[in-house]
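So in the numbering used here the end of the sequence shown lands on 324, straight run, no missing numbers. Inspection log for the structure reproduced underneath, given as structure tokens.
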Amino acid sequence: MTGRVLVTSRSFGGGGRDVVGELTAAGYEIVRADPSHDLEELSRVLPAVDGWIAGTGPVTGQHLDLAPRLRVVSRYGVGVDNVDVAAAGARGVIVTNTPGANSAAVAEHTLALLLSALRGIPAADRRVRRGDWSGWSTRELSALTVGVLGLGRIGRLVIERLDGFGCAVRGADPWVPEDDPVFDRVVRCDAAELAVTCDVVTLHAPGGRTVVDRDWLAASDRPVILVNTARADLVDEPALADAIRSGRVVAYAADTLATENHGDLASPLLADDLADRVIITPHLGAQTREGVDGMGGMATADLRAVLEGRAPRHPVSA
């Protein structure tokens, strides 16, 4: 056996490429465990693993302390805000990720959520199933201004896809310089300006800070649609629930919730009275065959590189 690999991503190996078979054929033993990274459950497997292909659950110093043999955490996805990279580095554990592997998939899912929220498609479907064929007036995307918060790979692909709809687009990202070519296509602004200039705002920023809070929501000068295929903590969910009830927010469509790894907690956004104006999907954004194969291939390649004494292509530093 070459080594033991812990896999905690639900979709790893679920595409068209047999990444599990590739690892097994190379002599690795695969151990599957809890995607939420429950510390008690993982305490039974972490002491004997050499590599970890990790999903969206947290990877903390406590997890790493239980894994004396661990040499690499290969993050199955691009975001590493759930990984204590500094703690890993202090223990000699290399962290990698899969930048770009699922960007197109998430961008497409963003547009699906945006249009579903704009036209009220899930609510309409539920009405028809109850025998209610009454309709309501909505808006055309071409008549609206869309704000994109976060101009990395996914944000830029969303902008490309919005081109075909003919809507005005504004972009906000403090890390992108003013002379970046993206601003030839969108109007540059900051996050606060999105609240007062946009009819739709879609979030593509890293986690770790709240952008859509009570002040942001109070500043909005028009009913807004919010889309979030990035991180739950970008949004103050209780404040957002209040804003939806007051009519300040028309609809919210997201691929994530703050409570998703806490089965005993319910998000205020899942309240029954908000069902027609809140759309939540269970991290489907990256779950295309192409996205899954891309993430699986990149995560596997970097994990093997570290365990076999080569430099990984996508290391992440603290």
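Built from N, CA and C at the ideal position, the CB exists for glycine as well. Since this is a predicted model, take the numbers as computed values, not measurements.
CA-CA distance, LEU147 to PRO183, rounds to 28 Å. One alpha carbon belongs to SER143, the other to HIS115, and they sit about 24 Å apart. Runs of the beta strand (DSSP E) lying entirely within the region 121 to 190, each at least 3 residues long, are 151 to 155 and 174 to 178 in chain order. Spanning the alpha carbons of GLY61 and SER140 requires a straight line of approximately 42 Å.
The Cβ atoms of LEU209 and VAL230 do not sit closer than 8 Å to each other. For LEU232, the enclosing beta strand (DSSP E) covers residues 230 to 234. Non-local C-beta neighbours of ARG176 in its own chain, meaning closer than 8 Å and more than five positions away in sequence, comprise THR151, VAL152, GLY153, VAL154, VAL192, VAL193, ARG194, CYS195, GLU199, LEU200, THR203 and CYS204, ordered along the chain.
Residue range 197 to 203 is occupied by the alpha helix (DSSP H) that includes GLU199. For ARG283, no beta strand (DSSP E) encloses it, and the DSSP letter there is neither H nor E. In the three-state DSSP reduction, GLU28 falls in the helix class (H, G or I).
Secondary structure of GLY95 (DSSP, three-state): helix. The beta-bridge partner set that DSSP reports for TYR34 consists of GLY9.
Nearest Cα to ARG254 within the set THR235, LEU290 and VAL206: VAL206.
Within the DSSP bridge table, the entry for ILE250 names no partner.
Taking a contact to require three or more Cβ pairs closer than 8 Å, the region 290 to 301 and the region 7 to 23 qualify as touching. Here TRP181 is exposed: its Cβ has fewer than 16 other Cβ atoms, across all protein chains shown, within 10 Å. Listed in chain order, the non-local C-beta contacts of VAL78 below 6 Å within the same chain comprise GLY57, ILE100, LEU309 and VAL312, local neighbours out to five positions each way being set aside. Taking C-beta atoms as the reference points, HIS320 and ASN88 fail to come closer than 8 Å. Here ARG215 is exposed: its Cβ has fewer than 16 other Cβ atoms, across all protein chains shown, within 10 Å. The C-alpha of ALA211 lies about 32 Å from the C-alpha of ARG132. By the neighbour-count criterion, in which 16 or more other beta carbons inside 10 Å mark a residue as buried, PRO244 falls on the exposed side.
Annotation: the continuous beta strand (DSSP E) that includes VAL256 extends over 255 to 260. Membership of ALA60 in any alpha helix (DSSP H) is not indicated; the residue belongs instead to the beta strand (DSSP E) covering 57 to 60.
In this structure, the CA atom of GLY63 is about 26 Å from the CA atom of GLY33. Judged by DSSP secondary structure, THR306 falls within the alpha helix (DSSP H) whose first and last residues are 295 to 313. Of the residues assessed, LEU271 falls on the exposed side of the cut-off, its CB having fewer than 16 other CB atoms within 10 angstroms. The beta carbon of ARG295 is closer than 6 Å to those of GLY21 and GLY22 in its chain, skipping five residues each way along the sequence. If you look at LEU70, you'll find it in the alpha helix (DSSP H) that goes 67 to 71.
Within the same chain, LEU155, ALA178 and VAL217 come within 7 Å of ALA197 by CB-CB distance, once the 5 residues on both sides are set aside.
Residue state for ARG220 is assigned as helix, using DSSP reduced to three classes. In the DSSP assignment, LEU209 falls within the unbroken beta strand (DSSP E) covering 206 to 209.
Taken through DSSP and simplified to helix, strand or coil, PRO321 comes out as strand.
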